[in-house]
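Residue numbers (numbering that gives the first Met the number 0): 0 to 236. This report refers to the structure that appears directly beneath it.
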Amino acid sequence: MLWIHEVHHVRGAQEDEFEAAYRNEWMPALAATGDAKLCFFAHLTHGSGRSYTVVTVTAVPDGGAWGNVAQQVQTGGLRDIARHLDQMRHTVTGRIFQPATWAPVVPGDLADVPADPALDHEPTLFMEDTAWPFEGKLLDYLAKAEAQYAPSLVESEGKGTAVLQLQTLLHTAWGTGQRAEVLLWQKIARYDRLWNLLATDLPPEGKAPGTWMNDALVVRDDWRSRLLRTTRWSPLS
Numbered sequence: 000m001l002w003i004h005e006v007h008h009v010r011g012a013q014e015d016e017f018e019a020a021y022r023n024e025w026m027p028a029l030a031a032t033g034d035a036k037l038c039f040f041a042h043l044t045h046g047s048g049r050s051y052t053v054v055t056v057t058a059v060p061d062g063g064a065w066g067n068v069a070q071q072v073q074t075g076g077l078r079d080i081a082r083h084l085d086q087m088r089h090t091v092t093g094r095i096f097q098p099a100t101w102a103p104v105v106p107g108d109l110a111d112v113p114a115d116p117a118l119d120h121e122p123t124l125f126m127e128d129t130a131w132p133f134e135g136k137l138l139d140y141l142a143k144a145e146a147q148y149a150p151s152l153v154e155s156e157g158k159g160t161a162v163l164q165l166q167t168l169l170h171t172a173w174g175t176g177q178r179a180e181v182l183l184w185q186k187i188a189r190y191d192r193l194w195n196l197l198a199t200d201l202p203p204e205g206k207a208p209g210t211w212m213n214d215a216l217v218v219r220d221d222w223r224s225r226l227l228r229t230t231r232w233s234p235l236s
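Set out below in structure tokens:
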């Protein structure tokens with residue numbers, strides 16, 4: 000399963016129109032191709048970054064399916080809808096990600112992802128971390144995340160102290176962008192504990208030897224966090 004991860008800088012006056020077009024036009028048309036499904040539609044939360052930013056995640060089962068959809072956007076049935084969306088945003092940038100060999104595949108089955116504009120559920124907050132391992136250290140980072148980071152979140156959840164639940168971890172697919180780039184897709188498990196994460200610094204024991212914050216410095220020291228809120232109609236949440 001591949002993720003097409005897109006960041007849209009939407010025209011402010013057309014924010015609602017853009018979302019409606021994505022929900023009512025693009026999502027059903029994309030699903031109708033049989034090659035892709037929209038999985039997540041999320042807004043960057045207010046006060047946490049650039050205004051009118053939307054992040055979408057589309058899943059395709061393989062490179063052949065991606066090629067079919069790309070052809071539809073260029074010359075086929077998705078062309079006019081894509082043009083309509085372009086008129087309501089300043090820019091859109093995309094990357095193709097593949098899950099780490101040990102990470103959960105999301106979605107597990109494309110057929111299980113709904114494409115219903117009438118879907119209505121409570122929004123969910125996600126912490127999206129993008130990390131840039133040191134040059135030549137991508138595989139070391141992935142191995143270290145498997146051995147230390149993912150188990151630490153499971154341990155925290157067992158103790159009832161978890162802030163994040165790691166849904167999956169992906170890295171740039173070969174030839175589609177910066178090689179040493181990793182995406183961590185994490186659901187906020189406890190909103191009350193999120194406030195502590197934002198309002199206070201890590202205590203010394205949180206970054207002591209033996210912790211991820213300390214030990215991972217040998218493979219990376221650069222990452223960006225986004226706080227994303229899914230819409231009520233986002234297929235997955």
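Don't be surprised by glycine CBs; every beta carbon is placed ideally from N, CA and C.
Per-residue DSSP class, three states only, for residue i
i	result
E68	Just to set this straight, residue 68 is Val in the shown sequence, not Glu. Helix.
A41	strand
P98	strand
F133	coil
S151	helix
R78	helix
A35	coil
D253	The first residue shown for the chain is 0 and the last is 236, placing residue 253 beyond what the model contains.
L29	helix
R49	coil
A142	helix
E84	In the sequence as presented, Glu is not what sits at residue 84; that position holds Leu. It is helical.
E121	coil
L235	coil
A114	coil
Rounded C-alpha distance that separates residue i from residue j
i	j	result
W65	N195	41 Å
R223	L182	10 Å
V104	A58	10 Å
M26	A114	6 Å
R228	F39	10 Å
L197	P116	34 Å
P150	P98	17 Å
E14	E204	43 Å
A28	T55	15 Å
G76	D85	15 Å
R88	F17	8 Å
D191	P202	18 Å
L141	G46	31 Å
L50	A12	The sequence shown places Ser at residue 50, not Leu. Their Cα atoms are separated by approximately 12 Å.
Neighbourhood of residue i by C-beta distance below 8 Å, restricted to the same chain and skipping five residues each side
i	result
L284	With the chain represented from 0 up to 236, any question about residue 284 goes unanswered, as that position is not in the structure.
H83	A20 and E24
V72	R78 and A81
P106	M0, K36, C38, A58, V112 and L235
Cβ neighbours of residue i in the same chain (closer than 7 Å, five flanking residues each side left out)
i	result
E180	T129, W131, H170 and T171
R94	H4, T171, T175 and G176
H120	R231 and S236
I80	E24, W25 and A28
T123	K186, T229 and S236
Close Cβ partners of residue i (< 6 Å) along its chain, the five nearest in sequence each way excluded
i	result
A102	T167 and L168
V91	E5 and H7
Supposed close pair residue i, residue j - CB separation, criterion 8 Å
i	j	result
Q164	K143	In fact, because the Cβ distance is near 19 Å, the residues do not count as touching under 8 Å.
A35	V68	5 Å
F125	A41	7 Å
E127	W211	No, E127 and W211 are not in contact; Cβ-Cβ is about 17 Å, not under 8 Å.
V237	K136	The structure shown does not extend to residue 237, since the chain is modelled only from 0 to 236, so the question has no answer here.
beta-carbon residue i near the ligand MG non-hydrogen atom, thresh 7 Å
i	result
N195	No copy of the ligand MG appears in this structure; indeed no ligand is present at all.
(request) Jot down the residue ranges of each uninterrupted alpha helix (DSSP H) in the region 153-218, minimum 4 residues, whole runs only, in chain order. (result) 190-198 and 211-214
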